[in-house]
Amino acid sequence: MKPSFSEVIKICNGRIFNLPAHIERMNFTLQSFFGSTIPFSLKDEDIPLEFREGLVKCRIVYSLENLEIEYSHYKFREINSLKIIHDNSIYYSFKYAERTAFEKLMAQKENCDDILVVKNGFVTDTSFTNVVFESDKGLFTPSTYLLPGTKRQTLLKERVIKEKVIRIEDIEDYRKLYLINAMMGIEDNISIPISSLKIDSL
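Shown next as C-alpha cells:
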C-alpha cells in the first residue's frame with residue numbers, strides 16, 4: 001500500500017500563511033517516494049466562507065493519486081507538562097498521515113499533556129511540534145529533530161532561532177521550552193518551564 005502524507009497550513013482571517021514552504025515540502029515528499037509531483041495551489045478565494053474569520057487549520061492529506069483538503073477552526077492545545085520518552089528507533093523524516101509511532105509513545109505519557117522524544121540521548125520533537133529552548137544565550141532548536149517543520153525552517157532562515165545539538169543532560173541549561181509548528185509560533189507563547197518536564201533519569 002502506498003503511503004499517504006499530510007500537511008497542515010495556517011489560515012488566519014482568510015490569509016494563508018507560509019504556503020510556498022508547504023508546497024515545497026509536499027513536492028519534495030512526492031519526489032522522494034514516487035519520483036513525481038502533483039500540481040497544487042491554494043488561494044485566499046479558495047477558502048470556504050465559513051472559514052475566512054479567526055484561526056483556521058487547513059489539513060491536506062495527499063499521495064500521488066489522491067488529495068483531500070479539510071478545514072477546521074483551531075484552538076491552541078493547553079500544554080503544561082511534557083514526559084520525556086526514549087525511543088531510539090523512531091523515524092519521522094516525512095509527515096506521514098499515519099501516526100502509529102507517536103500514538104504508541106503517547107500511551108506512555110502518564111498524566112502529562114504530551115511527550116518530548118529523546119533518540120539516542122538527543123532531544124528531538126514532541127508528538128506534534130518542533131521545540132525551541134530558551135536560555136540567557138538565546139533561542140535554540142535541536143539539530144536532531146524528527147521532522148523539519150516549516151515554522152522551524154522559517155525561524156532559522158530569519159535567524160530568530162539557532163540550531164544546536166541538545167542532549168538530554170543539557171536540558172537543565174535552559175529555563176523554558178517553546179512548542180512550534182505551522183499553527184503556533186514563538187509569539188503565541190505555547191511554552192512550559194523546564195521544571196515541568198517529567199524526566200525519569202538524567
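So in full-length UniProt numbering, the last one in the sequence shown is 202, and the numbering has no gaps at all.
Idealized CB from N, CA, C, for every residue including glycine.
Per DSSP, reduced to three states, the secondary structure at Asp-125 is strand. Annotated as proximal: Thr-141 and Arg-152, with beta-carbon spacing under 8 Å.
For a cut-off of 8 Å, the C-beta gap from Thr-129 to Leu-179 is around 4 Å, short enough to register as a contact. Secondary structure of Pro-3 (DSSP, three-state): coil.
A distance below 8 Å between beta-carbons, with the five flanking residues on each side excluded, links Asn-111 to the following residues of its chain, in chain order: Ser-81.
The DSSP assignment places complete alpha helix (DSSP H) segments of no fewer than 4 residues inside the segment 90 to 118 at 100 to 106, in order along the chain. Burial is judged here by how many other beta carbons sit within 10 angstroms of a residue's own beta carbon; Gly-121 has fewer than 16 and is exposed.
Going by DSSP, Pro-20 is part of the alpha helix (DSSP H) stretching over 19 to 34. Inclusion of Thr-126 and Ala-21 in the CB contact set at 8 Å is not warranted, their separation being larger than that value. By a beta-carbon distance limit of 8 Å, Ile-84 contacts Leu-116. Their separation comes to about 5 Å.
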